[in-house]
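Colleague: Pasting in a structure now, in structure tokens, and then I'll have a few things to ask.
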Amino acid sequence: MDFGFAREDEDFRGEVRDWLATHAEGASERRSWERTLGAAGWIGIGWGAGGYGNRTATLTQQVVWAEEYARSGAPPRSGHIGENLLAPTLLAHGTEEQKSRFLPPIAAGEELWCQGYSEPGAGSDLAGVRTAAVRETDGRTYRVTGQKIWTSLAHEADWCFVLARTEPGSQRHHGLTFLLVPMDQPGRIEVRPIRQLTGTSDFNEVFFDGARAEHVVGGAGNGWRVAMSLLGFERGVSTLAQQIGFAEELGSVVRAAVESGAVTDPVVRERLVRQWAELRTMRWNALRTLGGSGDAGAPSVAKLLWAGWHQRLGELAVLVRGAAASAGPADWSAASPYALDAAQHLFLFSRADTIYGGSDQIQRTIIAERVLGLPREPKGAA
């Protein structure tokens, strides 16, 4: 792919950079920040002109926005699941009524979403869904019962898109339905934060006990097709923005290696250079596949590349600091028992990179079966 930025892209970059410089400084409350982005039309710039309150941008301009956002130090996004996962799925599979109902609030930053896929005992095996949904006698409403786990930002979300089994006795990818579930259902939905190695709780367990769902995307029993379509939207422009953050983290590790003297070790130098070279390779691969390569294994290859790379960077971050990496940035206190500096946080959080979003084992299985044509892995009944 011959990728480059035209003059209009650079003009757009200047507009983006100026807007972020004016509005991002001092922004900290994430829901308020989503509304600020929405009011300026910056949410959903890749959706096209659908009249949902979003600006429109070319593919290269979407890359510009993602890169400048990553460089700006703006707050982490809370609305990215609705913007980058649910919205494209609705545009591909939703009814006009569903698009009119859900896309404008996402574009305005008013409604936040979470993803109800993974379940205990199934992990990255999405077809192992046990959460069940039973249709009410009105023929429209479903009652959802079951448990989801590792649900990012469920404690902040207004809605959850849930993959549930709607045909009793069905197995694996058959009999699944893609449902939109409102989270504000006291007594029927319970969210329990999961404390991570880093001491934070971005992931959650979600328990459904007869929760109401009235919106089906793609038709009953077609949940697997819709879910697979959604997974294809997880990669793309966001990968390039992610790599901007990776580059900044790598720069910090290099500076720490210089300050500690670890850079004089030829093995450390070799590892630092390898990290730099691999990051450049990932960038060019992301650009190559940005417009859609038609390769069924491309998303899995990308996930394997960046997850392992980031995990190795976390290991390097503590290695170059030596014994100092074992001490926290502040003395222990009851008020702050779990303080971590950036390198320690990187090391601990990156342990999960090869698990969430589809574990390395799952990604390798996808490549083996869908690209290389190897025999399918035996699986038990759901």
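Mapping of the sequence shown onto the working numbering: residues 158 to 539, in sequence order.
Don't be surprised by glycine CBs; every beta carbon is placed ideally from N, CA and C.
Could you give the DSSP three-state label for alanine 538: helix, strand or coil?
Modeller: Your numbering for residue 538 matches position 381 in the sequence shown. Per-residue confidence for alanine 538 stands at a pLDDT of 47, beneath the threshold of 50, marking its modelled position as unreliable; no derived number is given.
Colleague: How should glutamate 427 be labelled, buried or exposed, when 16 other C-beta atoms within 10 angstroms of its C-beta is the threshold for buried?
Modeller: Reading the sequence shown from its first residue, position 270 is the one you call residue 427. So glutamate 427 counts as exposed.
Colleague: Please state whether DSSP places tryptophan 307 in a helix, a strand or coil.
Modeller: For the purposes of this step, residue 307 is taken as residue 150 along the sequence shown, with counting starting at 1. Coil at tryptophan 307, not helix or strand.
Colleague: Please report the residue range of the alpha helix (DSSP H) in which valine 221 lies.
Modeller: Counting from one through the sequence shown, the residue named residue 221 turns up at place 64. Start and end: 216-229.
Colleague: Closest by CA to histidine 237, which one among Leu260, Leu216, His330, Thr215?
Modeller: Within the sequence shown, residue 237 is the residue found at index 80, counting from 1. Closest option to histidine 237, Cα to Cα, is Leu260.
Colleague: Between the stretch 267-283 and the stretch 224-234, are three or more C-beta pairs nearer than 8 angstroms?
Modeller: No contact exists between the stretch 267-283 and the stretch 224-234.
Colleague: Rounded to whole angstroms, what's the CA-CA distance from threonine 179 to glycine 203? Just pull it up for me.
Modeller: Translated into positions along the sequence shown, residue 179 becomes position 22. Translated into positions along the sequence shown, residue 203 becomes position 46. The straight-line gap from Cα to Cα measures roughly 23 angstroms.
Colleague: Taking C-alpha atoms, which residue in His330, Ser358, Val475 lies nearest to aspartate 498?
Modeller: Within the sequence shown, residue 498 is the residue found at index 341, counting from 1. Looking at the Cα atoms, Val475 is the closest of the given residues.
Colleague: Go ahead and pull the three-state DSSP assignment for phenylalanine 162.
Modeller: Your numbering for residue 162 matches position 5 in the sequence shown. Correct three-state label for phenylalanine 162: coil.
Colleague: Taking DSSP as the reference, what is the three-state secondary structure of isoleucine 523?
Modeller: In the sequence shown, residue 523 corresponds to position 366, counting from 1. Helix.
Colleague: To the nearest angstrom, how far is it from the Cα of alanine 538 to the Cα of glutamine 328?
Modeller: The sequence position of residue 538 within the sequence shown is 381, counting from 1. The sequence position of residue 328 within the sequence shown is 171, counting from 1. Annotation note: pLDDT 47 at alanine 538 (below 50); position unreliable, coordinate value reported separately. Approximately 6 angstroms, taken between the alpha carbons.
Colleague: If you measure between the beta carbons of glutamine 304 and valine 383, is that distance less than 8 angstroms?
Modeller: In the sequence shown, counting from the first residue as 1, residue 304 sits at position 147. In the sequence shown, counting from the first residue as 1, residue 383 sits at position 226. Result no, Cβ atoms of glutamine 304 and valine 383 do not sit closer than 8 angstroms.
Colleague: So for arginine 212, helix, strand or coil by DSSP?
Modeller: In the sequence shown, counting from the first residue as 1, residue 212 sits at position 55. If DSSP states are grouped into helix, strand and coil, arginine 212 belongs with coil.
Colleague: Which residue spans inside the stretch 429-482 form an unbroken alpha helix (DSSP H) run of at least 4?
Modeller: Those alpha helix (DSSP H) runs which fall completely within the stretch 429-482 and span 4+ residues are 455-476.
Colleague: Rounded to whole angstroms, what is the Cα-Cα separation between glycine 171 and proline 325?
Modeller: In the sequence shown, residue 171 corresponds to position 14, counting from 1. In the sequence shown, residue 325 corresponds to position 168, counting from 1. C-alpha separation (whole angstroms): 55 angstroms.
Colleague: Assign leucine 531 to buried or exposed, taking buried as 16 or more other Cβ atoms, counted over all protein chains shown, within 10 Å of its Cβ.
Modeller: Translated into positions along the sequence shown, residue 531 becomes position 374. Exposed, by the Cβ-count rule.
Colleague: Just to confirm, is the Cβ distance from alanine 370 to isoleucine 346 under 8 angstroms?
Modeller: As a position in the sequence shown, residue 370 is number 213, starting the count at 1. As a position in the sequence shown, residue 346 is number 189, starting the count at 1. No.
Colleague: Around the Cβ of tryptophan 222, are there at least 16 other Cβ atoms within 10 angstroms (buried) or fewer (exposed)?
Modeller: Here residue 222 corresponds to residue number 65 of the sequence shown, with the count starting at 1. So tryptophan 222 counts as buried.
Colleague: If you run the structure through DSSP and keep just helix, strand and coil, what is alanine 289?
Modeller: For the purposes of this step, residue 289 is taken as residue 132 along the sequence shown, with counting starting at 1. Strand, per DSSP.
Colleague: Check tryptophan 190 in the structure and name its three-state DSSP category.
Modeller: Counting from one through the sequence shown, the residue named residue 190 turns up at place 33. Three-state DSSP puts tryptophan 190 in a helix.
Colleague: By a C-beta neighbour count over all protein chains shown, 10 Å radius and 16 as the cutoff for buried, is proline 245 buried or exposed?
Modeller: Looking up residue 245 in the sequence shown gives position 88. Buried, because 16 or more other Cβ atoms sit within 10 Å of the Cβ of proline 245.
Colleague: Let me check understanding here. Comparing Cα to Cα, which of Gly356, Phe365, Leu320 lies closest to leucine 387?
Modeller: If you number the sequence shown from 1, residue 387 lands on position 230. Nearest C-alpha to leucine 387: Leu320.
Colleague: Roughly how many angstroms lie between the CA atoms of cysteine 317 and alanine 487, to the nearest whole one?
Modeller: Your numbering for residue 317 matches position 160 in the sequence shown. Your numbering for residue 487 matches position 330 in the sequence shown. Approximately 38 angstroms between the Cα atoms of the pair.
Colleague: Taking the runs of the beta strand (DSSP E) that are 3 residues or longer, which of them lie wholly in the stretch 303-374?
Modeller: List check, beta strand (DSSP E) in window: 316-322, 333-339, 346-351, 360-370, 372-374.
Colleague: Please identify the residue among Gly378, Gly515, Val173 whose C-alpha is closest to the C-alpha of glycine 198.
Modeller: Counting from one through the sequence shown, the residue named residue 198 turns up at place 41. The option with the nearest alpha carbon to glycine 198 is Val173.
Colleague: Please determine, among Gly514, Gly332, His330, the residue with the shortest C-alpha to C-alpha distance to alanine 459.
Modeller: Taking the first residue of the sequence shown as position 1, residue 459 is located at position 302. That would be Gly514, whose Cα lies nearest to the Cα of alanine 459.
Colleague: Exposed or buried, what is tyrosine 209 when buried is set at 16 or more other beta-carbons lying within 10 Å of its beta-carbon?
Modeller: As a first step, residue 209 must be located in the sequence shown, where it is residue number 52. Buried, because 16 or more other Cβ atoms sit within 10 Å of the Cβ of tyrosine 209.
Colleague: Answer with buried or exposed for valine 477, where buried requires no fewer than 16 other C-beta atoms within 10 angstroms of its C-beta.
Modeller: In the sequence shown, residue 477 corresponds to position 320, counting from 1. With 16 or more Cβ atoms within 10 Å of its Cβ, valine 477 is classed as buried.
Colleague: Quick check on the DSSP output: the alpha helix (DSSP H) that includes threonine 294 runs from which residue to which?
Modeller: For the purposes of this step, residue 294 is identified with residue 137 of the sequence shown, where counting begins at 1. Run containing threonine 294: none; DSSP gives neither H nor E here.
Colleague: Serine 257 lies in the alpha helix (DSSP H); which residues open and close that run?
Modeller: As a position in the sequence shown, residue 257 is number 100, starting the count at 1. Unbroken alpha helix (DSSP H) run through serine 257: 253-264.
Colleague: Checking the sheet assignment: what are the DSSP bridge partners for arginine 300?
Modeller: To locate residue 300, count along the sequence shown from 1; it is residue 143. In the DSSP output, where bridge partners are listed per residue, arginine 300 has Val291, Arg369.
Colleague: When you compare only the Cα positions, how much space is there between valine 348 and valine 301?
Modeller: Counted from its first residue, the sequence shown places residue 348 at position 191. Counted from its first residue, the sequence shown places residue 301 at position 144. Approximately 15 angstroms, taken between the alpha carbons.
Colleague: Output the distance between the C-alpha atoms of methionine 158 and arginine 287, rounded to the nearest integer angstrom.
Modeller: Working through the sequence shown from its first residue, we reach residue 158 at position 1. Working through the sequence shown from its first residue, we reach residue 287 at position 130. Low local confidence applies: a pLDDT of 49 at methionine 158 is under 50, so the model's placement there is unreliable, with the coordinate-based value given in what follows. So the two alpha carbons sit approximately 42 angstroms from each other.
Colleague: Tell me whether aspartate 176 sits in a helix, a strand or coil according to DSSP, three-state version.
Modeller: To locate residue 176, count along the sequence shown from 1; it is residue 19. Per the sequence presented here, residue 176 reads as tryptophan, with aspartate not at that position. In the structure shown, tryptophan 176 sits in a helix (DSSP, three-state: H, G or I).
Colleague: Nearest chain B C-beta to serine 490 closer than 8 angstroms, yes or no?
Modeller: Looking for chain B here will not work: only one protein chain is present.
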